[in-house]
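Residue numbers (the working numbering): 1 to 387.
Heads up, the beta-carbon is just placed ideally off N, CA and C, and yes, glycines get one too.
Predicted, not measured: the structure shown is a model, and the values here were computed from it.
Down below is the structure, laid out as structure tokens.
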Amino acid sequence: MSVGQSRAIAIAGAGLSGAVIARTLAEAGHRVEVFESRDHIAGNCHTARDGETGVLVHVYGPHIFHTDDAEVWDTVNRFARFRPYRNRVKTTSGGQVYSLPVNLHTINQFFGRTFRPDEARAFIAGKADRTIAEPVTFEEQALAFVGRELYEAFFKGYTEKQWGCPPSDLPASILKRLPVRFNYDDDYFFHRFQGMPEEGYTPMVAAMLDHPGIAVHLQTPFSRGGRDGYAHVFSSAPLDNWFGMAYGSLGYRTLDFERFTFEGDYQGCAVMNYADADVPYTRITEHKHFAPWESHDGSVCYRESARAAGPDDIPYYPIRLVREKAQLAQYVALAAGETATTFVGRLGTYRYLDMDVTIREALDCARLYLQKSAAGEPMPAFVTPPL
Ligand code: UDP
1 MSVGQSRAIA IAGAGLSGAV IARTLAEAGH RVEVFESRDH IAGNCHTARD
51 GETGVLVHVY GPHIFHTDDA EVWDTVNRFA RFRPYRNRVK TTSGGQVYSL
101 PVNLHTINQF FGRTFRPDEA RAFIAGKADR TIAEPVTFEE QALAFVGREL
151 YEAFFKGYTE KQWGCPPSDL PASILKRLPV RFNYDDDYFF HRFQGMPEEG
201 YTPMVAAMLD HPGIAVHLQT PFSRGGRDGY AHVFSSAPLD NWFGMAYGSL
251 GYRTLDFERF TFEGDYQGCA VMNYADADVP YTRITEHKHF APWESHDGSV
301 CYRESARAAG PDDIPYYPIR LVREKAQLAQ YVALAAGETA TTFVGRLGTY
351 RYLDMDVTIR EALDCARLYL QKSAAGEPMP AFVTPPL
């Protein structure tokens, strides 16, 4: 296809969405300009070497790649060498360390028992609140699923700290991300393909963007006013920003990381959660354990806590409660009237997205654009509806 003379496509944001769309379109012969407001690519999966210890740091918190989608797995492996990595998370609750996700070891340790799988299943079924037929809230889901004791020990305090509201205000879908297992499998994820890019995510995204058809502009925010002259815009910037906060800011949780170093091994695992409400942080990440093939004497850790995002904070988790969903509906209506602009990714669609889903949606979005533009048809504002 020869489209060398046609107008370029603009992409706001050099995270996973922007990079995958840029690459797909560039390989189809388009010229792509990527605008990134930060001074680095890769969005919140950005990784960098710690200057003091040399450890590879997940700058915006832990990112573990996991997927069942073979094409997504092939895509990331095309741009980075992946090493096997299984996420095994521990949690500290009431002065003891337990295995997560809640599994047979957690149950036996917590209740001081030696249950076999079927016994544990029956025991937990006896604890579960059977009056809750169709759980709607996080709390109902937990009570119906594991009963009050495990809920209070492992989920209640952590969730209050993470989301800043009682779990009875949150949707059940948040808890559905976590399994409960009646065996000793402590793998945090079920997915077939799991791993970690050997040199981190930023070189992977750099390789995606390394194409003669792609130009990347760092520290260059892109806004609605800059659209003219482009054949199309894909925006992974926050949806509310794009429209000048016309309906107020969409609520996010932001994270604070308190960095500290340690000589040796601080906690023996990559992620230690802190379930108790009276511990002010949610988890401690010891980054060198994300790269067990490397060897470092020094260690760098992040103590992580969550709070409501202010206007100058980095948005992490979309809150998506009733108020935010009503606002979101207003922004979605505005977006539907926008010409030649498609909103993508976690910030463009105001959804909590794992990395693999982000890549899947970006591939689908770019391919849809290629079909639509070839057919002379308009591209929708959203490929996956945000509501
Ligand atoms: N969660 C919890 N206790 C934990 C870990 C998670 O209650 O020890 C809840 C919490 O509400 C969190 C949700 O489960 O927001 C999803 O957890 P996940 O580990 O997927 O969160 P992420 O690592 O993506 O922040």
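Taking a contact to mean a Cβ-Cβ separation below 8 Å, would you say residue i touches residue j in this structure?
| i | j | result |
| --- | --- | --- |
| Ser235 | Thr341 | yes |
| Met272 | Thr159 | no |
| Thr110 | Leu175 | Reading off the sequence shown, one finds Phe at residue 110, where the question assumed Thr. Contact flag unset, no. |
| Pro318 | Tyr252 | yes |
| Thr282 | Lys161 | yes |
| Leu396 | Ala246 | For residue 396 there is no data in the structure shown, the boundaries of the chain being 1 and 387. |
| Val76 | Met204 | yes |
| Phe65 | Gln194 | yes |
| Thr137 | Ser168 | yes |
| Ala374 | Glu338 | no |
| Phe302 | Arg259 | Note that residue 302 is Tyr in the sequence shown here, rather than Phe. Cβ atoms of Tyr302 and Arg259: closer than 8 Å. |
| Glu198 | Arg81 | yes |
| Glu52 | Thr261 | yes |
| Phe222 | Ala362 | no |
| Asp125 | Ala144 | Looking at the sequence shown, residue 125 is not Asp but Ala. In this structure, Ala144 does not lie closer than 8 Å to Ala125 by Cβ. |
| His46 | Tyr60 | yes |
| Arg83 | Met208 | no |
| Asp265 | Ser295 | no |
| Pro315 | Thr358 | no |
What are the boundary residues of the beta strand (DSSP E) that includes residue i?
| i | result |
| --- | --- |
| Ile284 | 283-286 |
| Thr131 | Here Thr131 belongs to no beta strand (DSSP E), and DSSP marks it neither H nor E. |
| Met196 | 193-197 |
| Ala12 | 9-12 |
| Thr349 | No beta strand (DSSP E) contains Thr349, which is instead part of the alpha helix (DSSP H) from 345-349. |
By a C-beta neighbour count over all protein chains shown, 10 Å radius and 16 as the cutoff for buried, is residue i buried or exposed?
| i | result |
| --- | --- |
| Leu387 | exposed |
| Ala12 | buried |
| Gly43 | buried |
| Tyr184 | exposed |
| Gly389 | The structure shown has nothing for residue 389, since the chain only spans 1 to 387. |
| Gln219 | exposed |
| Glu377 | exposed |
| Asp356 | buried |
| Asp312 | exposed |
| Gln388 | There is no way to answer for residue 388, as the model of the chain reaches only from 1 to 387. |
| Gly244 | exposed |
| Ala308 | exposed |
| Gly225 | exposed |
| Gly29 | exposed |
| Asp186 | buried |
| Val216 | buried |
| Glu139 | buried |
| Glu286 | buried |
| Trp293 | exposed |
| Arg7 | exposed |
| Pro238 | buried |
| Pro117 | exposed |
| Pro101 | buried |
| Glu304 | buried |
| Ser99 | buried |
| Gly15 | buried |
| Pro280 | exposed |
| Glu36 | buried |
| Leu56 | buried |
| Val322 | exposed |
| Ser17 | buried |
| Ala70 | exposed |
Please look up how many angstroms separate the CB atoms of residue i and residue j, rounded, as I've assumed it's under 8 Å.
| i | j | result |
| --- | --- | --- |
| Arg88 | Cys269 | 7 Å |
| Ser388 | Asp240 | No answer is possible for residue 388: it lies beyond the span of the chain, which begins at 1 and ends at 387. |
| Ala177 | Asp68 | The sequence shown places Arg at residue 177, rather than the Ala named in the question. The Cβ separation is near 15 Å, so there is no contact. |
| Arg121 | Phe190 | 18 Å between Cβ atoms; not a contact. |
| Ala153 | Ala275 | 6 Å |
| Ile214 | Val344 | Wrong, their Cβ atoms sit about 16 Å apart, outside the cutoff. |
Need the endpoints of the alpha helix (DSSP H) that residue i sits in, please.
| i | result |
| --- | --- |
| Arg367 | 355-375 |
| Thr106 | 104-111 |
| Ala48 | From DSSP, Ala48 is part of no alpha helix (DSSP H) but of the beta strand (DSSP E) over 47-49. |
| Val32 | No alpha helix (DSSP H) holds Val32; the beta strand (DSSP E) holding it covers 32-35. |
| Leu143 | 138-145 |
| Ala28 | No alpha helix (DSSP H) holds Ala28; DSSP gives it neither H nor E. |
Under a CB-based cut-off of 8 Å, is residue i close to chain C?
| i | result |
| --- | --- |
| Ala215 | Considering every chain present, this structure includes no chain C. It has just one protein chain. |
What are the uninterrupted segments assigned as alpha helix (DSSP H) that are 4 or more residues long and contained completely in the stretch 208-285, given in chain order?
239-242
Taking only runs that begin and end inside the stretch 58-100, name each unbroken beta strand (DSSP E) of 3 or more residues, in chain order.
Whole beta strand (DSSP E) segments, 3+ residues: 65-67, 90-93, 96-99.
Sequence ranges, alpha helix (DSSP H) only - wholly within the stretch 307-334, length at least 4
none
Whole runs of the alpha helix (DSSP H) within the stretch 159-184, excluding any shorter than 4 residues:
none
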